[in-house]
Amino acid sequence: MKARADYFLLMLFWLGLDRLTKGIVAGRMQLNQSIPIVQDFFHITYIFNRGASFGILKDQRWLFVTLTLIVLAVIFWLILKEQSLNTPMRLLLGLVSGGALGNMMDRLRWGAVVDFIDFRGIWPYIFNIADIGVVAGGLLFVVLYLWEDHKKEAVHDTK
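So that you can map any letter, position 76 of the sequence shown is 76 in the working numbering, and since no number is skipped, the others follow by simple counting.
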């Protein structure tokens, strides 16, 4: 269990960072308010997203909560039972879990997710810290998993 502490620590850190940033935005801004940081490039824009990434599946709160619980259960099982997960893999799953928990907490509390990171100059969607953990952690986990699998096949082929 000690070897898995890295997962739990990063999950809690990412969840805390998500809750802190959303709390600051929600506590200091009005809903739909936008503050330019770099004009026409980066704004802090406080919105409620009632869908998933990119606004798809709007108003499906309980579907997202259920899917999140299933994903978290699978990740927790992997962390506790899968011996082949190395430290980078566990850390990436910590990012995914922290982000998933943060967005699920929003859905349970408000029926929507607080989004505020607005790169309007290069990206049409507004997102949050939790989204970064889920998307970046998930994609990098898949890449690393495939890389590790490829290395195992290469070693197996040389025997």
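Cβ coordinates follow ideal geometry from the N, Cα and C atoms, glycine included. Keep in mind the model is a prediction, meaning the values are calculated, not measured.
When DSSP states are grouped into helix, strand and coil, Asn103 belongs to the helix group. For Val38, the pairing in a beta bridge is given by DSSP as Phe42. Put simply, of Phe119, Asp131, Arg120, Leu92 the residue whose alpha carbon is nearest the alpha carbon of Val143 is Leu92. The DSSP assignment places complete alpha helix (DSSP H) segments of no fewer than 4 residues inside the region 72 to 119 at 87 to 110, in order along the chain. Judged by DSSP in its simplified three-state form, Ile122 adopts coil rather than helix or strand.
Pairing Tyr7 with Arg61 gives a Cβ-Cβ distance that is not under 7 Å. Here Asn32 is not bridged, per DSSP, to any residue. The beta carbon of Gly16 sits closer than 7 Å to no other beta carbon from its chain once the five residues preceding and following it are set aside. By the CB criterion at 7 Å, Phe116 and Ile44 fall inside the cutoff. If you draw a straight line from the Cα of Lys58 to the Cα of Trp77, it is about 30 Å long. Counting only residues of its own chain and dropping the five nearest sequence neighbours on each side, Leu80 has no CB closer than 6 Å to any other CB.
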